[in-house]
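Enquirer: Let me begin by handing over the structure; questions about it come next.
Residue numbers (my numbering): 16 to 95.
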């Protein structure tokens, strides 16, 4: 039974880490030109729904990380 309680925690922390990584990459790409910026621009269509889903997550940590990642993606979108 204790394992079942830990599994959602690990999944939630994994989502937080993934959302933080998306946000960090987007922040770095905003300041640069080139290949990485083009790739992130093409992938926005796929990334936005994933990040938006995290914004509605029940765990506060996940939703906070998603909001920050969405802000970073929005900056990238404005710079495109």
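We put the beta carbon where it would ideally sit given N, CA and C, even for glycine.
May I ask you to report which of helix, strand or coil DSSP gives residue 46?
Expert: The residue labelled residue 46 in the question sits at position 31 within the chain shown. Residue state, collapsed to three classes: coil.
Enquirer: Write down the C-beta distance between residue 52 and residue 44 rounded to the nearest angstrom, noting that I regard them as a contact closer than 8 Å.
Expert: Residue 52 sits at position 37 when you count from the first residue of the chain shown. Residue 44 sits at position 29 when you count from the first residue of the chain shown. Between residue 44 and residue 52 the Cβ distance is about 5 Å, and since that is below 8 Å, they are a contact.
Enquirer: Would residue 86 pass as a contact of residue 34 if the rule is Cβ separation under 8 Å?
Expert: Indexing the chain shown from 1 puts residue 86 at position 71. Indexing the chain shown from 1 puts residue 34 at position 19. Taking a C-beta distance under 8 Å as the contact criterion, residue 86 and residue 34 do not qualify as a contact pair.
Enquirer: Classify residue 96: buried if its beta carbon has 16 or more other beta carbons within 10 angstroms, exposed otherwise.
Expert: Here the chain comprises residues numbered 16 to 95, so residue 96 is not present and cannot be evaluated.
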